[in-house]
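At position 762 of the sequence shown (counting the first as 1) the number is 762 in full-length UniProt numbering, and the numbers step up by one without a gap. Beta carbons: idealized from backbone N, C-alpha and C, even for Gly. Have a look at the structure below, then the notes.
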Amino acid sequence: MVTKIASTEIFTIGAGLGTLQTTLLRLFLSFHPAWLHLGLETVFNTTINVRDDEVFIQVIIRFIMQRLFADPKILKNRKYAYGSGKLVLTERGREALNCHFLAHTALFCYFVETAKAASIIKPNPRMFTRNSAFKCLDDVFAELSREVLSGGGASLNRAFAKMGFKPTYKQGFIDDYCYSVKSFADLTNGVIIGKIVELVTGCNPGSIMGRLRNPCGDRLRKIGNVKTCLQVATEKGVDVGGIKAESVVAGSKDTLLELLWKLVGVYVSVDDERKLRRASLALTHTNGGLGVKYGAVSADAKGEQLVLHVCKQIGLHLGIEVDQLDDLRDGRVLSGESLFLKVANAAASDLDIPWGLHNSIGLFTVFYLSGLFSIREVHDAAVRIQRSYRSYRFFKTLKILLQDARSGARTSGVYDRSSLLKTYVVSPIGGGGAQISKSNTVKGEEARRALGEVQEKIELDKSMTSHEKEQHGRNIILSDSAVKIQRAFRRHQLRTRSRVQRQQRWAEYKRAATVIQRAFRRHQLRARLRVERQQRWAKYTWAATVIQRAFRRHQLRTRLRVERQQRWAEYTHAATVIQRAFRRHQLRTRLRVERQQRWAEYARAATVIQRAFRRHQLRTRLRVERQQRWAEYKRAATVIQRAFRRHQLRARLRVERQQRWAEYARAATVIQCAFRRHQLRARLRVERQQTWVEYTRAATVIQRAFRRHQLRARLRVEHQQAWVEYTRAATVIQRAFRRHQLRARLRVDRQSRWAEYTRAATVIQVRSTSLLLLTRSSQSTLPLNVSPLLKGTS
1 MVTKIASTEI
11 FTIGAGLGTL
21 QTTLLRLFLS
31 FHPAWLHLGL
41 ETVFNTTINV
51 RDDEVFIQVI
61 IRFIMQRLFA
71 DPKILKNRKY
81 AYGSGKLVLT
91 ERGREALNCH
101 FLAHTALFCY
111 FVETAKAASI
121 IKPNPRMFTR
131 NSAFKCLDDV
141 FAELSREVLS
151 GGGASLNRAF
161 AKMGFKPTYK
171 QGFIDDYCYS
181 VKSFADLTNG
191 VIIGKIVELV
201 TGCNPGSIMG
211 RLRNPCGDRL
221 RKIGNVKTCL
231 QVATEKGVDV
241 GGIKAESVVA
251 GSKDTLLELL
261 WKLVGVYVSV
271 DDERKLRRAS
281 LALTHTNGGL
291 GVKYGAVSAD
301 AKGEQLVLHV
311 CKQIGLHLGI
321 EVDQLDDLRD
331 GRVLSGESLF
341 LKVANAAASD
351 LDIPWGLHNS
361 IGLFTVFYLS
371 GLFSIREVHD
381 AAVRIQRSYR
391 SYRFFKTLKI
401 LLQDARSGAR
411 TSGVYDRSSL
421 LKTYVVSPIG
431 GGGAQISKSN
441 TVKGEEARRA
451 LGEVQEKIEL
461 DKSMTSHEKE
471 QHGRNIILSD
481 SAVKIQRAFR
491 RHQLRTRSRV
501 QRQQRWAEYK
511 RAATVIQRAF
521 RRHQLRARLR
531 VERQQRWAKY
541 TWAATVIQRA
551 FRRHQLRTRL
561 RVERQQRWAE
571 YTHAATVIQR
581 AFRRHQLRTR
591 LRVERQQRWA
601 EYARAATVIQ
611 RAFRRHQLRT
621 RLRVERQQRW
631 AEYKRAATVI
641 QRAFRRHQLR
651 ARLRVERQQR
661 WAEYARAATV
671 IQCAFRRHQL
681 RARLRVERQQ
691 TWVEYTRAAT
701 VIQRAFRRHQ
711 LRARLRVEHQ
721 QAWVEYTRAA
731 TVIQRAFRRH
741 QLRARLRVDR
751 QSRWAEYTRA
761 ATVIQVRSTS
771 LLLLTRSSQS
781 TLPLNVSPLL
791 KGTS
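This is the structure:
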């Protein structure tokens with residue numbers, strides 16, 4: 001299949017990293033590093049080791065240059081490459097390297113698609129990098145077909161389709177999304193919440209993420225994503241309560257914290273549920289039949305149902321009805337008579353439960369009961385150990401006593417009594433009673449009395465039989481028991497009398513402790529806030545330093561990126577010019593008959609011409625008679641070399657001009673031979689040439705029409721875009737011009753009205769002035785009886 005795919009010339013040993021190879025490197029580096037590393041190792045059946053002091057990208061680039069763009073076996077073969085220092089590839093060597101590159105590239109693409117579908121790497125990473133221009137293998141095949149394959153060969157898409165392989169993976173926005181959370185705003189679009197729900201609830205990978213849409217800043221899409229996440233969480237048994245998608249999208253911190261705590265509770269409470277089930281089983285078997293009404297929790301109960309069942313068992317033990325979890329807010333079930341907030345404070349200080357978790361009553365109860373039952377298990381274990389040890393001490397002392405009694409040993413009764421008493425001492429006696437101090441005299445009398453008792457016991461033991469000694473031991477045990485009972489009864493009386501006083505003192509201590517605790521917690525809160533402020537300030541300082549460093553690095557990278565883009569634009573322009581010239585060359589070559597066969601003949605003839613031209617240079621003095629013929633060859637080669645050198649100089653960045661010149665000379669000779677052979681065979685292939693010319697002319701017309709259509713479509717799109725911009729600009733200009741016209745018209749109207757008002761005022765003033773003058777003159781000339789009339793008229 002690879003031999004049927006025609007490709008352009010990619011590799012030139014010793015020519016450095018060309019533009020085409022740079023493009024291919026950029027294509028391979030677009031793959032995810034994990035798939036790129038694994039794919040190259042699998043295709044080449046080797047191991048790529050990256051040391052700690054090496055950069056992964058540099059190692060991969062070096063491997064691609066040495067193993068994918070080149071092949072040591074091909075370069076060592078004299079049929080494909082020759083030369084001692086700088087290797088020179090033959091035509092067969094170029095074809096072999098092209099086939100090597102295409103074969104391994106096809107295997108790499110096939111392996112990556114298959115491995116991605118099979119999820120070989122856990123977790124299954126995306127196929128391409130986040131900033132890659134490729135999102136599926138079809139894009140890669142199109143790029144390879146455009147850059148590597150020639151126009152006459154089959155494309156990679158068709159080649160793989162013939163083998164029955166069609167890539168289906170397409171990288172979406174979920175794969176390219178950045179799941180780092182820096183603020184609450186990152187949780188409002190529902191994407192990260194969906195990923196958390198998918199991981200916590202144990203859903204299949206992609207079952208939730210595949211239903212989400214790209215937010216793109218659209219509020220309706222965000223609400224839809226959050227609703228989908230809440231719906232799946234509810235179906236999986238997570239109690240989301242009254243959480244609304246609108247509140248999550250609005251960025252409500254309380255809502256987001258409540259949702260996160262519920263999800264964290266589902267993730268953490270797996271082990272706690274086992275403890276609660278053991279506690280429920282222990283409460284079922286409590287003494288007095290307290291566990292009869294509520295048996296052990298069922299295997300199907302989970303989450304809040306399990307917690308509620310255990311709370312009902314505890315409430316039955318305390319005589320309290322618990323119908324729902326909200327009944328726990330009074331604090332009676334959890335800690336007797338204290339309030340719920342005090343329970344939360346005690347849980348935060350003694351059980352290491354985070355403060356604020358009490359806002360979620362179900363999750364808080366799970367952690368609280370788990371802590372209490374853990375403490376109870378430890379206490380029960382300690383009681384069992386103490387009981388076992390006391391039994392061991394008692395039976396050991398009793399065994400020693402009986403053995404001494406049988407053997408006739410003189411054992412002090414005081415020792416026996418003290419040993420037996422030690423086995424029953426559980427706590428200090430008289431903890432709340434008055435302490436009695438004795439003087440040295442009383443202690444001496446007691447010592448003498450005890451010594452006398454010991455002597456009497458020794459004399460009595462000498463005269464006792466074994467049966468009497470056993471009976472005496474039992475009497476000692478009974479007397480010790482009686483003494484212990486009396487002491488316990490007196491202690492009970494003393495404690496009963498002092499309980500009232502202790503309760504009163506305890507009430508005072510409790511009030512004082514409440515005040516002290518309030519003050520101490522206020523002090524702790526202030527100290528904690530002070531430390532948190534200092535830590536936040538240190539974090540802000542460090543963050544500012546990091547931001548400045550990152551911004552300066554970003555500025556440097558931006559400057560370097562602009563320079564690279566400028567260089568890349570120049571390279572792209574040069575590559576475009578080279579591609580245009582090369583495609584023009586291909587089009588002209590396609591007009592000739594059987595281009596591929598002729599090209600092979602031209603290549604072989606070019607080799608012959610180069611060899612002859614070098615021989616001509618060496619034997620010029622000995623072959624004067626051939627100068628004219630070689631002059632013709634040289635002129636013909638010069639013409640051909642000029643056209644071909646223009647293509648070579650632009651395509652290979654003007655590398656090794658002298659070698660190309662020699663190759664063009666040999667190519668000219670081959671072209672001339674082929675053209676003369678073509679002239680000789682012209683008579684035999686007139687009809688075929690005419691038919692080929694017609695086909696060529698038709699292809700040219702079709703290509704010209706198609707390119708004209710492409711150009712018109714491109715111009716139409718550009719014209720539409722320009723027309724939209726012109727329309728928008730014209731609208732703005734018209735709006736401004738009409739506003740200007742309206743203002744000018746209003747200005748002219750105001751000026752005209754003002755002129756009319758001015759003229760009217762002028763006329764009125766003139767007329768009133770003339771009338772006044774006329775009145776004054778008439779008053780001075782008319783008789784006296786007429787002047788009053790004039791005054792009235794005026």
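Query                                                                                                         : Result
Helix, strand or coil at residue 807 [DSSP, three-state]                                                      : As shown, the chain starts at 1 and ends at 794. That puts residue 807 outside it, with no answer to give.
Contact belief for Leu256 with Phe184 at Cβ below 8 Å, rounded distance in angstroms                          : 5 Å
Sequence-distant residues of its chain with Cβ nearer than 8 Å to Ser427 (five each side left out)            : Confidence in Ser427 is poor, its pLDDT being 36 and thus under 50, which makes the residue's placement unreliable; the coordinate value appears in the next sentence. No residues qualify anywhere along the chain.
Sub-8 Å separation of residue 795 and Asp138 beta-carbons                                                     : Residue numbering for the chain in the displayed model covers 1 to 794; residue 795 lies beyond these limits and cannot be assessed.
Environment of Val515 [buried if 16+ CB atoms lie within 10 Å]                                                : exposed
Thr228, buried or exposed, once every other Cβ within 10 Å from all chains shown has been counted against 16  : buried
Residue span of the alpha helix (DSSP H) that contains residue 847, given as start and end                    : Only positions 1 to 794 of the chain appear in this structure, which leaves residue 847 out of reach.
Three-way DSSP call (helix, strand, coil) for Tyr177 in this model                                            : coil
Which listed residue (Lys275, Arg688 and Val197) has its alpha carbon closest to that of Val264               : Val197
Any 3 or more C-beta pairs closer than 8 Å across the region 41-58 and the region 80-93                       : no
C-alpha distance - Leu20 paired with Leu618, whole-angstrom precision                                         : 37 Å
Residue closest to Leu149, alpha-carbon to alpha-carbon, out of Ala118, Thr105, Phe134 and Gly164             : Thr105
Sequence-distant residues of its chain with Cβ nearer than 7 Å to His585 (five each side left out)            : His647
Limits of the unbroken alpha helix (DSSP H) element including Thr234                                          : Arg219 to Glu235
DSSP three-state assignment for Leu149, whether helix, strand or coil                                         : strand
8 Å contact criterion, which Arg604 and Val670 should meet: CB distance rounded                               : 7 Å
Rounded straight-line distance, which links the Cα of Leu144 to that of Phe56                                 : 24 Å
Endpoints, the alpha helix (DSSP H) within which Ile193 is located                                            : Val191 to Val200
Residue of Lys275, Val240, Glu246 and Arg277 minimising C-alpha distance to Lys262                            : Val240
Rounded C-alpha distance that separates Ser770 from Ser752                                                    : 27 Å
Lys422 in three-state terms, based on DSSP                                                                    : In this prediction, Lys422 has a pLDDT of 42, which is less than 50 and means its spatial position is unreliable; nothing more can be read from the coordinates.
Within 8 Å, strictly: CB atoms of Tyr368 and Ala348                                                           : no
Strand pairing of Val88, partner residues [DSSP]                                                              : Tyr82
Bridge-paired residues (DSSP) for Cys136                                                                      : Lys170
Outcome for Ser777 when other beta-carbon atoms lying within 10 angstroms are tallied against a minimum of 16 : exposed
Start-to-end residues for the alpha helix (DSSP H) that takes in Leu680                                       : Arg657 to Leu680
Extent of the continuous alpha helix (DSSP H) to which Arg650 belongs                                         : Gln627 to Ala651
Counted within 10 angstroms of its Cβ, other Cβ atoms place Ile733 as buried (16 or more) or exposed          : exposed
C-alpha gap between Leu36 and Gln231, whole angstroms                                                         : 38 Å
Beta strand (DSSP E) runs wholly inside the region 511-598, at least 3 long, in chain order                   : none
Minimum C-alpha distance to Phe69 - residue among His709, Thr22 and Val50                                     : Thr22
Status (buried if at least 16 other CB within 10 Å, exposed otherwise) for Thr188                             : buried
Buried versus exposed, by CB contacts within 10 Å (16 or more), Gln504                                        : exposed
Within 8 Å, strictly: CB atoms of Tyr82 and Ala96                                                             : no
Selected residue, minimal CA-CA separation from Ile609, among Ile547, Leu259, Thr638 and Leu276               : Thr638
Proximal residues to Trp692 (C-beta, below 6 Å), its chain only, five neighbours per side dropped             : Val593
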